[in-house]
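Heads up, the thing below is written out as structure tokens.
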Amino acid sequence: MDVLELARWQFAITTVYHFLFVPITIGLSAIVAWYHSRWIRTRNEEHLRMAKFLGKLFTINFALGLVTGIVQEFQFGMNWSSYSRFVGDIFGAPLALEALLAFFLESTFLGLWIFGWGRIPERLHAACMWIVHIGTVLSAYFILAANSFMQNPVGYRINPQTGRAEMSDFIAVLTNEVQLVAFPHVITASYMVGGAVVMGVGLHKLRKVTRDAKGDDVADRRMYRHATRLGAVVTLVAGLGMTISGDLQGKVMTDVQPMKMAAAEALYETPPEGECAPFSALTIAGLGGEDPTHVIEIPCLLSFLGTGTWDGQVQGMVELENEYRAKFADGELTQADTYIPPIAVTYWNFRLMMGAGFFAMAVAAWVLFATRKDRVPMQRWVQPLTVLAPLATVLGQSFGWIFTEVGRQPWVVFGEMTTRTAVSPSVGATDVWISMGVFTLLYGALAVVEVRLLLDYIRRGAEPFEEPRLVEDDEPLQFAY
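Residue numbers (our numbering): 68 to 548.
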């Protein structure tokens with residue numbers, strides 16, 4: 068493989084790995100904050116126990132997300148220096164806000180929440196976790212603003228002397244139409260992940276407590292049942308929000324990136340005038356998407372997803388390829404072998420993304436039904452669902468990001484810079500192999516640490532209730548987890 072392919076693989080590995088932690092951080096922080104606030108309002112000891120229990124899982128995930136996220140920004144200067152020189156004036160602004168504002172809120176107030184038990188007023192202490200959650204949401208907004216510029220560049224001009232992109236309207240960058248639909252889609256999907264994690268952990272512990280059938284586990288059973296049903300409700304509601312925002316995102320995508328929408332369906336030819344575009348739930352084709360045979364096809368659905376009308380026209384890739392060649396092929400920076408993205412990757416990741424989300428929603432609906440009237444589903448086949456449902460939501464987010472980024476190819480900044488011209492000219496294949504090998508081994512070790520810590524704390528469960536007490540001024544700070 069050449070330097071370009073290696074650099075793309077390294078960025079894909081580190082980015083997808085890092086994003087496994089991001090939606091859990093966003094979704095779980097909101098649920099921890101909710102439980103903590105409910106404890107203060109109701110003095111229900113079960114809510115405090117769950118706040119501390121889920122807070123441990125959140126803290127572990129936050130730490131791993133922090134470590135893996137640091138690598139992301141270094142890669143822009145390491146393997147993608149040409150991209151950084153071209154668009155750094157624009158791309159750096161939202162990333163700077165993410166670090167200086169959003170991450171400051173997350174890290175500072177998480178520290179206050181961890182060490183603040185008994186040291187600061189109760190309401191202020193609970194507010195710390197809400198501020199952490201706000202920080203995670205702001206962090207997502209600024210990062211998505213930077214990514215949305217790559218999908219649909221706005222608020223900039225090209226300096227003719229330097230050949231670099233310069234920001235002309237920061238508000239336009241922050242209110243990019245792609246950003247305005249991508250942000251609610253990612254946030255609702257993250258709430259769905261957080262809900263699914265709480266649902267899976269709660270159902271696992273509920274089944275264990277019920278199976279042990281100890282007389283003093285009545286409170287635990289009630290507590291885990293509440294967590295299970297709360298997680299299921301969050302998963303369902305967030306899933307509906309994700310579906311609606313995803314529908315809006317598809318229409319904006321068809322407008323600003325029609326090639327990506329065509330690639331999502333492997334639509335090579337534009338349907339004749341007056342005919343709608345179908346959506347295939349299952350297609351058999353070559354590895355490159357050639358000669359597609361639609362096995363399960365829903366008439367006119369692609370037209371509705373892309374345009375909002377059942378008879379709207381969605382352009383095919385062949386027509387768009389000709390348009391792009393006529394529009395972009397004169398510029399040295401925008402030359403490409405083809406303007407059609409990898410079809411198999413975009414086609415299947417689009418469907419895996421939706422399938423994973425609908426699967427988690429179906430499990431959540433079933434869990435609500437199965438746990439009604441204090442019932443507990445004890446069948447052996449239920450146990451895998453406690454892992455598969457949260458895993459499906461996390462992987463669904465990853466599938467969505469792979470579709471979003473691969474579907475933009477061959478562009479790194481749509482219409483302005485191709486991925487081929489963005490790679491660092493002074494970095495050789497050996498350099499990338501070494502760094503990619505180190506990162507892969509490091510991330511593999513971190514994955515083992517993450518999983519073992521999570522499983523250990525899930526196995527321990529929520530600690531017995533202990534009435535919060537005021538800490539003496541001279542008592543040393545201790546890390547409780």
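Idealized CB from N, CA, C, for every residue including glycine.
When the five nearest sequence neighbours on each side are left out, the beta carbons in the same chain lying within less than 7 Å of the beta carbon of residue 319 are those of 244, 245, 248, in order along the chain. A residue is called buried when at least 16 other Cβ atoms come within 10 angstroms of its Cβ; residue 377 does not meet this threshold and is exposed. Take residue 78, set aside five residues on each side of it, and the residues of its chain with a beta-carbon closer than 8 Å to its own are 142, 146, 147, in chain order. In chain order, 124, 268, 271, 272 place their CB closer than 8 Å to the CB of residue 525, counting only its own chain and leaving out the 5 sequence neighbours on each side.
Scanning its chain for C-beta atoms nearer than 7 Å, with the 5 sequence neighbours on each side dropped, one finds around residue 116 the residues 290, 529, 530, 532, in chain order.
Sequence-distant partners of residue 430 (beyond 5 residues in either direction) whose C-beta falls short of 6 Å from its own C-beta, in its chain, are 452, 456. Proximity of the region 485-493 to the region 427-446 falls short of the contact definition, fewer than three beta-carbon pairs being nearer than 8 Å. Counting C-beta pairs closer than 8 Å gives three or more between the region 79-97 and the region 456-469, which meets the contact rule.
With contact defined as three or more Cβ pairs closer than 8 Å, the region 85-103 and the region 250-267 are in contact. If the five residues before and after residue 284 are omitted, its C-beta is found closer than 7 Å to the C-beta atoms of 276, all from its own chain and listed in chain order. With a contact defined as Cβ atoms closer than 8 Å, residue 327 and residue 408 qualify at about 7 Å.
Only residues of its own chain outside the window of five on either side were considered, and among them 266, 270, 295, 299 have a CB closer than 7 Å to the CB of residue 434, listed in chain order.
Contact between residue 133 and residue 168 does not hold, since their C-beta atoms are separated by about 16 Å, which reaches or exceeds 8 Å. Shown here, residue 232 sits in a strand according to DSSP, grouped into three states. In the structure shown, residue 391 falls within a helical segment according to DSSP collapsed to helix, strand and coil. Contiguous beta strand (DSSP E) elements confined to the region 436-514 occur at 478-480, taking only those with 3 or more residues.
Annotation for residue 102: the continuous alpha helix (DSSP H) segment containing it runs 89-109. By the CB criterion at 8 Å, residue 483 and residue 220 fall inside the cutoff.
Around the CB of residue 505, fewer than 16 other CB atoms lie within 10 Å, so the residue is classed as exposed. Restricting attention to alpha helix (DSSP H) runs no shorter than 4 residues, the region 193-268 encloses them at 237-241, ordered along the chain.
A straight line joining the alpha-carbon of residue 473 with that of residue 509 spans about 25 Å. Contact between the region 195-212 and the region 175-184 is established, with three or more Cβ pairs separated by less than 8 Å. Looking only at 389, 160, 339, the smallest Cα-Cα distance to residue 238 is reached by 160. Selection 233, 253, 235 evaluated against residue 92 yields 253 as nearest (Cα-Cα). Taking a 10 Å sphere around the C-beta of residue 287, we find 16 or more other C-beta atoms and assign the residue as buried. In the three-state DSSP reduction, residue 189 falls in the helix class (H, G or I).
The C-alpha of residue 478 lies about 18 Å from the C-alpha of residue 222. Rounded to whole angstroms, the separation of the alpha carbons of residue 135 and residue 322 is 34 Å. Residue 344 places its beta carbon 8 Å or farther from that of residue 315.
Residue pairing by DSSP places residue 346 opposite 365 in a beta bridge. In the DSSP assignment, residue 157 falls within the unbroken alpha helix (DSSP H) covering 148-164. Contact between residue 70 and residue 499 holds: CB atoms are separated by about 6 Å, below the 8 Å threshold.
Residue 432 is not a Cβ neighbour of residue 384, given a cutoff of 8 Å. About 7 Å separates the beta carbon of residue 427 from that of residue 306, a gap short enough to meet the 8 Å contact definition.
Exclusion of the five residues before and after residue 375 leaves 318 as the residues of its chain whose Cβ lies within less than 8 Å of its Cβ. When C-alpha distances from residue 68 are compared across 522, 164, 495, the shortest belongs to 495.
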